[in-house]
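Before any comments, here is the structure.
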Amino acid sequence: AWHDEERGLAPPPAAGLGAAAAGHQSLRRLDTMDFSERGKEDAEKWRQVLRVNLTRRMKSQTSGTFHVLQHRFTTMLGQGSSSNSRSLNDSKPLEELVTSQCFQIGIFMLILVNAAFIGLQVNTQANMVMIDPLATDPAWFRVVNVMFVGIFAVEIILRLVAFRCMFFCGPFWKWNLFDLALVLYSVMDECLSERFEEMVYLRIVRIFRIVRVFRVIRMMSVFHELRLMFCSIISSLGAFCWAMVLLLAIMYFFTVIFMHAAIHDVRGGNPPSAALRESYGNIHNTMYTLLLAISNGEDWNTLVQPLADISVWYQWLFGGYVVFIIIGVLNVLTSVFVERAREMNRLDRDLKVHSELAQHTATIADLKGIFKEIARQENQEDHSGDGPISWANFHDYLQKEEVQAYLATQQLDCSDARELFNLLDVNGDESVSMEDFVMGCLKLKGQAKSADMATLLREARENRRITQRV
């Protein structure tokens, strides 16, 4: 078998295994035989030759078997997945189409036009009904509605074909289900509106399609501020609900107190005034009065007058309620909403990336401005300020208090100006270019990072290896 391998022949795996077994048997026979001193040397040489040939043979057979299995497995995968790969390649251009910026902007404009048309339709219907309650809608309203429904239905179909399962389990599955529900409702409305006239009153649900604008805004960086506001409002809905519960609890507490005062006053023989009956006649009116008092819906001095006629103490209690809600509760709730908005800016990945990029760009622009001021002092004829700066001008510029204050805000320690200049002077030629100055300041900002410590440890290990070799 070994001679066959030397001639380039590839025996089957069974032959290789047989040769390996024969080699092991030869080694065992050599180990059990008794040789003279010279015979032992010859036997040891034969053992080495047998081991080398046996190892080479086993490696060759293992490699050959692995390549055969790999070829067969690749062939099976190629045959099994060829149809899937063709279908995926066919849907890839469609996916690029529906995710392109032009397609998104087109849908964005259609949503805005549809929202404007809904407003025009409602306004026209209101004007017609005010003149003739039995007036019917113009025929072109239905044509335009069918056109919009058809366009949005085609869009949903394109996205379903492009994304397939990812339409329902991808990162935007909630928005996709919302779009799908709107389109299905619109199709059902157009198909059944003639049979069931009462469904006409449900067409106002279509206005929720304008919410889709925010999904498009989420993908477009030019609407960063608007997207931050929208995401902050969405993330604050939970806090808003609990804020409403707190306000209602406080208002209910004071409602019970003021209504008890009105009840005891009437039972004491004083006839209720019209203002007392209107503002504090029941729980609903009393809570609505307290809401008007804290929301500038009406002058609270007028609202407290019926209670002032009962007792001056209730007048002061009403004033304390207004002060407590406006100065205490509402300010605390405002701070909670502001904190939620700040957390949203930190937690949302895209908003965080946008904020970091904006801050990084602003820092680079400020550092370039500082460098250009130093460079102009270096060379009065260099109006662009792109030339290198020397140690003397760098030292003189750092003596300014406003420069030291700015570098301190950027977490740059300029107490030792010479050491800072040496760190920025990469080439060691007593001059610093703009690129070295900006990149050096960015690297030196703040405390040492984990990456800096890892780099230092790696260099220390390399230096130790070089020292050990020497």
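If you count the sequence shown from 1, position 125 lands on 125 in full-length UniProt numbering, and the numbers rise without skipping.
Backbone N, C-alpha and C define an ideal beta-carbon position, used for all residues, glycine too.
Report back the beta-carbon spacing between V122 and F152 to the nearest angstrom; my notes put them in contact at under 8 angstroms. Incorrect: roughly 19 angstroms between the Cβ atoms, too far for contact.
For the region 330-338 against the region 301-318, do three or more pairs of beta-carbon atoms, one drawn from each stretch, fall closer than 8 angstroms, so that the two count as touching? No: fewer than three Cβ pairs fall under 8 angstroms.
Output yes or no for whether 8 angstroms exceeds the beta carbon distance between L444 and L423. Taking C-beta atoms as the reference points, L444 and L423 count as a pair closer than 8 angstroms.
Taking its Cβ as the centre, do 16 or more other Cβ atoms sit within 10 Å of Y252, making it buried, or is it exposed? Under this definition Y252 is an exposed residue.
Nearest CA to the CA of V161: which residue from S433, Q315, T99, G428? Here the closest residue by C-alpha is T99.
Cutting at 6 angstroms between CB atoms, please list the residues of its own chain near R464, excluding the five before and the five after it. If we look at R464 and ignore the five residues flanking it on each side, it has no Cβ neighbours.
Quick check: the region 136-148 against the region 110-122, are there 3 or more CB pairs under 8 angstroms? The region 136-148 makes contact with the region 110-122, as at least three CB pairs between them are under 8 angstroms.
On the CB-based measure, 16 or more other CB atoms within 10 Å of its CB, does W300 come out buried or exposed? That one is buried.
How should T255 be labelled, buried or exposed, when 16 other C-beta atoms within 10 angstroms of its C-beta is the threshold for buried? T255 is buried by the Cβ-count criterion.
Over what stretch of residues does the alpha helix (DSSP H) that includes N422 continue unbroken? 417-424 is the extent of the alpha helix (DSSP H) around N422.
Could you work out which residue in L291, L292, F258 is closest to L276 when comparing CA atoms only? Residue F258 is the option with its Cα nearest to L276.
Within its chain, find whatever has a CB closer than 6 angstroms to the CB of L367; leave out the 5 residues flanking it on each side and keep chain order. Apart from the 5 residues on each side of it in sequence, L367 sits with its Cβ closer than 6 angstroms to the Cβ of V438, C441 in its chain, given in chain order.
For a test of the three-state rule: what should DSSP assign to S100, helix, strand or coil? Under the three-state reduction of DSSP, S100 is assigned to coil, being neither helix nor strand.
Applying the 10 Å Cβ sphere with the 16-neighbour rule, what's the burial state of F394? Under a 10 Å Cβ-count criterion, F394 is classified as buried, with 16 or more other Cβ atoms of the shown protein chains found around its own Cβ.
First through last residue of the alpha helix (DSSP H) which encompasses A139: Segment 139-163, the alpha helix (DSSP H) holding A139.
Take L158 and list the residues in its own chain whose beta-carbon comes closer than 6 angstroms to its own, dropping the five residues that flank it on each side. Sequence-distant partners of L158 (beyond 5 residues in either direction) whose C-beta falls short of 6 angstroms from its own C-beta, in its chain, are V98.
When you compare only the Cα positions, how much space is there between I327 and E343? If you draw a straight line from the Cα of I327 to the Cα of E343, it is about 24 angstroms long.
Below 8 angstroms on the Cβ atoms is my contact criterion, and I expect E430 with W391 to pass it. Report the Cβ-Cβ distance as a whole number of Å. So it is a contact: roughly 6 angstroms between Cβ atoms.
Taking the C-alpha atoms as reference points, what is the distance between N270 and S311? If I take the Cα positions, the gap works out to 13 angstroms.
Outcome for C231 when other beta-carbon atoms lying within 10 angstroms are tallied against a minimum of 16: Buried, because 16 or more other Cβ atoms sit within 10 Å of the Cβ of C231.
For I234, tell me which candidate among A341, P272, L291, C169 has the shortest Cα-Cα distance. Residue A341 is the option with its Cα nearest to I234.
Nearest-angstrom Cα distance between S85 and P171? Confidence in S85 is poor, its pLDDT being 49 and thus under 50, which makes the residue's placement too unreliable to answer from.
Please report the residue range of the alpha helix (DSSP H) in which G320 lies. G320 -> alpha helix (DSSP H) spans 312-323.
So is S186 buried or exposed if we call it buried at 16+ other beta carbons inside 10 Å? Buried, since its Cβ has 16 or more Cβ neighbours within 10 Å.
In chain order, what residues of the same chain have a beta carbon less than 7 angstroms from the beta carbon of M128, not counting five sequence neighbours either side? Here the set comprises A135.
Going by beta-carbon coordinates alone, are I107 and E155 separated by less than 8 angstroms? Yes; because the gap between Cβ atoms is below 8 angstroms, this pair is in contact.
S273 by DSSP, collapsed to three states: which one? Under the three-state reduction of DSSP output, S273 falls in the coil class, being neither helix nor strand.
Fully enclosed by the region 221-245, which alpha helix (DSSP H) runs are 4 residues long or longer? As far as the region 221-245 is concerned, its whole alpha helix (DSSP H) runs of at least 4 residues are 224-235.
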